[in-house]
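Undergrad:
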Amino acid sequence: MIALQEEYIPYLAPIFDRKPKRVTALMVSELTSYTDMVVIVEAGSSRQVTSLSEHIIKSLKEAKIKTLGTEGVKEGQWALLDFGHLIIHIFESDAMAFYDLEGLWSDAASVDLSEFGRQTQTDMEDDDGF
Numbered sequence: 127m128i129a130l131q132e133e134y135i136p137y138l139a140p141i142f143d144r145k146p147k148r149v150t151a152l153m154v155s156e157l158t159s160y161t162d163m164v165v166i167v168e169a170g171s172s173r174q175v176t177s178l179s180e181h182i183i184k185s186l187k188e189a190k191i192k193t194l195g196t197e198g199v200k201e202g203q204w205a206l207l208d209f210g211h212l213i214i215h216i217f218e219s220d221a222m223a224f225y226d227l228e229g230l231w232s233d234a235a236s237v238d239l240s241e242f243g244r245q246t247q248t249d250m251e252d253d254d255g256f
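In the numbering used here, the protein residues as written are 127 to 256.
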């Protein structure tokens, strides 16, 4: 697990305002060239996916940070917010399990989110240690 770099805090803080079920941040800069960090958020419902996505966009816009692109915000199953060096995926629980982005990025280093009162979680961190 690696420490959270301060430059990412403004992007992550609005996520925790809306109490998602789970948040995982992965540093993927060593694995891909199109972004440095992937944040995977589990929302409790499709309505929360939309609400959380809109809240993040609005909060960051107020901080003069704009998205490069968004997808799926209104649909509510899987929203993607692209900020270039950081991409936020917000999933409804069933869609999150189906797409398994944590499994896709299993070689990425987890980022410590404990300053937000939560730890990152990955599929590899189960009770058996496997």
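No residue lacks a Cβ here, since even glycine has one placed at the ideal position from N, Cα and C.
Out of curiosity, what's the CA-to-CA distance linking glutamate 241 and aspartate 208?
TA: Near 23 Å, if we compare the C-alpha coordinates of aspartate 208 and glutamate 241.
Undergrad: Pull up the DSSP beta-bridge partners for phenylalanine 217, would you.
TA: Phenylalanine 217 is bridged to Glu168, Trp204.
Undergrad: Is it true that the CB of leucine 178 sits closer than 8 Å to the CB of isoleucine 216?
TA: Contact: yes.
Undergrad: Relative to the alpha-carbon of arginine 144, which residue among Asp226, Leu230, His181, Met127 has its alpha-carbon at the smallest distance?
TA: Closest option to arginine 144, Cα to Cα, is His181.
Undergrad: Given that a residue counts as buried once 16 or more other Cβ atoms are within 10 Å of its Cβ, and exposed if not, what is isoleucine 166?
TA: It counts as buried.
Undergrad: Thinking C-beta only, is methionine 127 closer than 8 Å to alanine 126?
TA: An answer regarding residue 126 cannot be provided, because it is not within the stretch 127 to 256 covered by the chain.
Undergrad: Give me the Cα-Cα distance between serine 232 and glycine 202, rounded to the nearest whole angstrom.
TA: Rounded to whole angstroms, serine 232 to glycine 202 spans 25 Å at the Cα level.
Undergrad: Sort Thr150, Glu132, Pro146, Pro140 by Cα distance to aspartate 226 and report the nearest one.
TA: The candidate whose alpha carbon is nearest that of aspartate 226 is Thr150.
Undergrad: Could you say which of Glu132, Lys190, Ile214 lies nearest to threonine 196 if we only look at CA atoms?
TA: With distances taken between Cα atoms, threonine 196 lies closest to Ile214.
Undergrad: Residues in its own chain within less than 6 Å of proline 136 by CB, not counting five upstream and five downstream?
TA: Only Ala189 meet the Cβ criterion.
Undergrad: Please classify glutamine 257: is it buried, with 16 or more other beta-carbons within 10 angstroms of its beta-carbon, or exposed?
TA: What is shown of the chain runs 127 to 256, which leaves residue 257 out entirely.
Undergrad: DSSP three-state call for isoleucine 191: helix, strand or coil?
TA: The answer is coil: DSSP assigns isoleucine 191 none of H, G, I, E or B.
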